[in-house]
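Participant: One structure, pasted below without further comment.
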Amino acid sequence: MATVLDAAGVLHFHPYAAAAAAAALVSAYMVWFWALARRLSGPRMWPLVGSLPGVVLNRARVHDWIVDNLRATGEAATYQTCILPLPFLARRQGLVTVTCNPRNLEHILRARFDNYPKGPMWQAAFHDLLGQGIFNSDGETWLLQRKTAALEFTTRTLRQAMARWANRIIKYRLWGILADHCDAAASVDLQDLLLRLTFDNICGLTFGKDPETLSPGLQENPFANAFDSATEATMQRFLFPSFLWRIKKALGVGSERSLRESLAVVDRYMTEAIAARKATPSDDLLSRFMRKRDGNGRAFPEDVLQWIALNFVLAGRDTSSVALSWFFWMLTQRRDVERRVVMEIASVLRETRGGDAGRWAEEPLDFDELDRLVYLKAALAETLRLYPSVPQDSKYVVADDVLPDGTVVPAGSAITYSIYSVGRMESIWGKDCAEFRPERWLSADGARFEPAKDAYRFVAFNGGPRTCLGKDLAYLQMKSIASAVLLRHSVELVPGHKVEQKMSLTLFMKNGLRVHVKPRDLAGYVAAPPEEAPPQQVIPTTTAAAA
């Protein structure tokens, strides 16, 4: 017995009995935990903390760690783990299913789309920044914005506006900044330049206002800084249980205080931008949404317009700039691919601008010239296959379900699909999956770009009803910037500079992309020499340094 009654009738707690009860509880828990761990197929689990120690220990290479775990499952390419191994919680709130199996992805993203929304945890974390914008909403709210945006993103005028904004920034700012760094002793963080360029470009396209963060001297911009700070603080909410950031928010301390202050700057900037568009409408996205009506026939209120604009800015800036950073890094590893890209650009410009190479670099490529760059698009797609801008995404399970591979997913649990892992699985892309080979995206004669026959083998732009509406705009922006840089310059990685992945929702380079900029001599491309067969080379998946 845990208690005894003395002569005076006082109840006492018996220490030996308490120890025995505690030992019994611990033993019962360990038996339960052992049975749970045996049923799950993921990385090693520990009592009380589950698989979180593995995440922490591998945080510098978390995406490659997930690849290793998925490879260990064979062709299933799916495993389940627990981050909260406690009775009554482990099989639902604590359970995480991780997969890169194309059939499972199709099931989650298309076949049972309604059963796998973003979920309450994701929406709560992003609500202060993105509200109920298109990337942070589900159901009817999401559907209305999706339908409205789809009408605009399919128009040729929007793509032309994208090319116009990009070319203006390239011609009057990017080219000058790169030329200023054409010095053997100077180097520049190309990732930073690309982030600034795509930020200016997407702001111009979204609400017709260029913040000019890419400018001589690379000055700081209050709106850009606030937006970065707000995004970083929002992402920190995913590192800890939700009750912790809610307490910090209520107390106004730490990252939550930074988030509140940053959002105040963002709100002021957006209020001014919306007022300016109301006074002088244009062809930007904000003006287009102002002319639209919601499901009740009313104009969108200002807070909704702000959410819509910020959602597009977040999506349009980080994804393209990150993809371009990895693309240029790949070119420093594969000069044969770089030469083929430049040869293709030269081939197009010979037809459109004549045989004088001096005239080729007078203007960035226009919309129709960019559309003909098939090999460049293949190289960009191959970059996204190996280094997707958003390496993984998570969904909430509404009702009990069974995935096509037989994995049971209970309601209340989470599913993470690893986009990064999809491109690195032999069972999906074959034995050459680790090779950077743009030719896999081309027709047999090399004249046409051919998407993956199975759409769920390549989900860098998501899939199903949430397929990225800006996919064509993203390719257009990336082709415009990549061709403009390569037309005038080549880049070389600074010796000793380590290229590492940053643990973030977007696949940033932790240390940036430090490069030397060299002027390009186009004389050798006036008459293109016979093409050489590209060498096969396996690209490192975690870190790389210049020799």
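Start counting the sequence shown at 230; every next residue gets the next number (the working numbering).
Heads up, the beta-carbon is just placed ideally off N, CA and C, and yes, glycines get one too.
Just so it is clear, the structure is predicted and the values come from calculations on it, not from any experiment.
Which residues bound the alpha helix (DSSP H) around Q374?
Facilitator: Numbered from 1 along the sequence shown, position 145 holds the residue referred to as residue 374. Here the alpha helix (DSSP H) through Q374 covers 368-382.
Participant: For D622, which residues from the same chain have a beta carbon less than 8 Å from its beta carbon, with the 5 sequence-adjacent residues on both sides left out?
Facilitator: The residue given as residue 622 occupies position 393 in the sequence shown. The residues are T645, Y646, I648, N691.
Participant: Taking 6 Å as the limit between beta carbons, can you name the residues of its chain near R425, skipping five residues before and five after?
Facilitator: By 1-based counting over the sequence shown, the position of residue 425 is 196. These residues qualify, in order along the chain: T442, L443.
Participant: Report yes if the CB atom of T736 is closer than 9 Å to the CB atom of W536, and no otherwise.
Facilitator: By 1-based counting over the sequence shown, the position of residue 736 is 507. By 1-based counting over the sequence shown, the position of residue 536 is 307. First, the residue type needs correcting, since residue 736 is Leu and not Thr in the sequence shown. Cβ distance not < 9 Å, so L736 and W536 don't count as in contact.
Participant: Are R743 and V723 touching if we call contact CB-CB under 9 Å?
Facilitator: In the sequence shown, residue 743 corresponds to position 514, counting from 1. In the sequence shown, residue 723 corresponds to position 494, counting from 1. Cβ distance < 9 Å, so R743 and V723 count as in contact.
Participant: At the level of alpha carbons, what is the spacing between R517 and S270?
Facilitator: The residue given as residue 517 occupies position 288 in the sequence shown. The residue given as residue 270 occupies position 41 in the sequence shown. Each residue's Cα considered, the two are about 49 Å apart.
Participant: Who are the Cβ neighbours of K477 in its own chain at under 6 Å, not counting the five residues just before and after it?
Facilitator: The count along the sequence shown starts at 1 and reaches residue 477 at position 248. Hits under 6 Å: G483, E485.
Participant: Which whole runs of the alpha helix (DSSP H) in the segment 444-511 are 4 residues long or more, in chain order?
Facilitator: List check, alpha helix (DSSP H) in window: 451-465, 471-480, 483-508.
Participant: Within 10 angstroms of its Cβ, does L515 collect 16 or more other Cβ (buried), or is it exposed?
Facilitator: Here residue 515 is taken as the residue at index 286 of the sequence shown, counted from 1. Buried, by the Cβ-count rule.
Participant: For S650, count the other beta carbons within 10 Å of its own beta carbon; 16 or more makes it buried, fewer makes it exposed. Which is it?
Facilitator: Walking along the sequence shown from the start, residue 650 turns up at place 421. Under this definition S650 is a buried residue.
Participant: Under 8 Å Cβ to Cβ from P349, same chain only, skipping five residues before and after it: list those, please.
Facilitator: On the sequence shown, residue 349 is found 120 positions in, with the first residue counted as 1. Once the five neighbours on either side are set aside, the close Cβ partners of P349 are Y625.
Participant: Which residue marks the beginning of the beta strand (DSSP E) containing P748, and which one marks its end?
Facilitator: Your numbering for residue 748 matches position 519 in the sequence shown. Taken as a continuous stretch (DSSP letters only), the beta strand (DSSP E) holding P748 covers 743-748.
Participant: Where do the ends of the alpha helix (DSSP H) carrying E531 lie?
Facilitator: For the purposes of this step, residue 531 is taken as the residue at position 302 of the sequence shown. Run containing E531: 531-562, per the alpha helix (DSSP H) assignment.
Participant: Around the Cβ of D513, are there at least 16 other Cβ atoms within 10 angstroms (buried) or fewer (exposed)?
Facilitator: By 1-based counting over the sequence shown, the position of residue 513 is 284. Buried, because 16 or more other Cβ atoms sit within 10 Å of the Cβ of D513.
Participant: When you compare only the Cα positions, how much space is there between L734 and A479?
Facilitator: In the sequence shown, residue 734 corresponds to position 505, counting from 1. In the sequence shown, residue 479 corresponds to position 250, counting from 1. Cα to Cα, the separation comes out at about 25 Å.
Participant: For E441, which of helix, strand or coil comes out of DSSP?
Facilitator: Numbered from 1 along the sequence shown, position 212 holds the residue referred to as residue 441. In this structure, E441 counts as coil in the three-state DSSP scheme.
Participant: Would you give the residue range spanned by the alpha helix (DSSP H) that C432 belongs to?
Facilitator: Against the sequence shown, residue 432 aligns to sequence position 203. From DSSP, the alpha helix (DSSP H) with C432 extends over 419-436.
Participant: Do G748 and A408 have their C-beta atoms closer together than 9 Å?
Facilitator: Residue 748 sits at position 519 when you count from the first residue of the sequence shown. Residue 408 sits at position 179 when you count from the first residue of the sequence shown. With the sequence shown as reference, residue 748 is identified as Pro, and Gly is not the correct amino acid for it. Yes; because the gap between Cβ atoms is below 9 Å, this pair is in contact.
Participant: Output the distance between the C-alpha atoms of D293 and N287, rounded to the nearest integer angstrom.
Facilitator: The residue given as residue 293 occupies position 64 in the sequence shown. The residue given as residue 287 occupies position 58 in the sequence shown. One C-alpha to the other measures close to 9 Å.
Participant: May I ask whether a heavy atom of the ligand NAD can be found less than 8 Å away from the beta carbon of D523?
Facilitator: Annotation note on the ligand NAD: not contained in the displayed structure, which lists no ligands.
Participant: Answer with buried or exposed for C411, where buried requires no fewer than 16 other C-beta atoms within 10 angstroms of its C-beta.
Facilitator: Against the sequence shown, residue 411 aligns to sequence position 182. By the 10 Å Cβ count, C411 comes out exposed.
Participant: Need the endpoints of the alpha helix (DSSP H) that Y704 sits in, please.
Facilitator: Stepping through the sequence shown from its first residue, residue 704 is reached at position 475. Start and end: 700-717.
Participant: Helix, strand or coil: which one does DSSP assign to A646?
Facilitator: Looking up residue 646 in the sequence shown gives position 417. First, the amino acid is wrong: residue 646 is Tyr here, not Ala. Looking at Y646 - three-state DSSP - the assignment turns out to be strand.
Participant: Could you work out which residue in I398, M499, N298 is closest to V714 when comparing CA atoms only?
Facilitator: Taking the first residue of the sequence shown as position 1, residue 714 is located at position 485. Taking only the C-alpha atoms, the option nearest V714 is I398.
Participant: What are the complete beta strand (DSSP E) segments, minimum 3 residues, inside the segment 592-657?
Facilitator: Counting whole runs of 3 or more residues, the segment 592-657 contains the beta strand (DSSP E) stretches 621-625, 643-647.
Participant: Please classify N450 as buried or exposed, where buried requires at least 16 other C-beta atoms within 10 Å of its C-beta.
Facilitator: Mapped onto the sequence shown, residue 450 falls at position 221. With 16 or more other Cβ atoms within 10 Å, it is buried.
Participant: Do you know whose CA, among L705, A257, L358, F541, lies nearest A607's CA?
Facilitator: In the sequence shown, the residue the question calls residue 607 occupies position 378. Nearest of L705, A257, L358, F541 to A607, Cα basis: L705.
Participant: Measuring straight from C-alpha to C-alpha, what distance separates A528 and L698?
Facilitator: Mapped onto the sequence shown, residue 528 falls at position 299. Mapped onto the sequence shown, residue 698 falls at position 469. Those two C-alpha atoms are separated by around 22 Å.
Participant: Report the three-state DSSP secondary structure of R520 (helix, strand or coil).
Facilitator: Residue mapping note: residue 520 aligns to position 291 of the sequence shown, counting from 1. DSSP places R520 in coil when its eight states are reduced to three.
Participant: Suppose the cutoff is 7 Å on Cβ atoms and the five residues either side in sequence are ignored; what does the same chain contact list for H336 look like?
Facilitator: Along the sequence shown, one-based indexing puts residue 336 at 107. Here the set comprises L632, P633.
Participant: Tell me, please, which residues DSSP counts as bridged to F678.
Facilitator: Numbered from 1 along the sequence shown, position 449 holds the residue referred to as residue 678. Note: F678 sits in a beta bridge opposite L671.
Participant: Start and end of the alpha helix (DSSP H) containing L299?
Facilitator: In the sequence shown, counting from the first residue as 1, residue 299 sits at position 70. L299 -> alpha helix (DSSP H) spans 291-300.
Participant: Can you tell me which residues form a DSSP beta bridge with E721?
Facilitator: Reading the sequence shown from its first residue, position 492 is the one you call residue 721. Partner(s): H745.
Participant: Mind checking who Y308 pairs with in its DSSP beta bridge?
Facilitator: Within the sequence shown, the letter at position 79 stands for residue 308. Paired residues: V327.
Participant: So, using beta-carbon positions, are T328 and L299 closer together than 9 Å?
Facilitator: Looking up residue 328 in the sequence shown gives position 99. Looking up residue 299 in the sequence shown gives position 70. For T328 and L299, yes; Cβs fall inside 9 Å.
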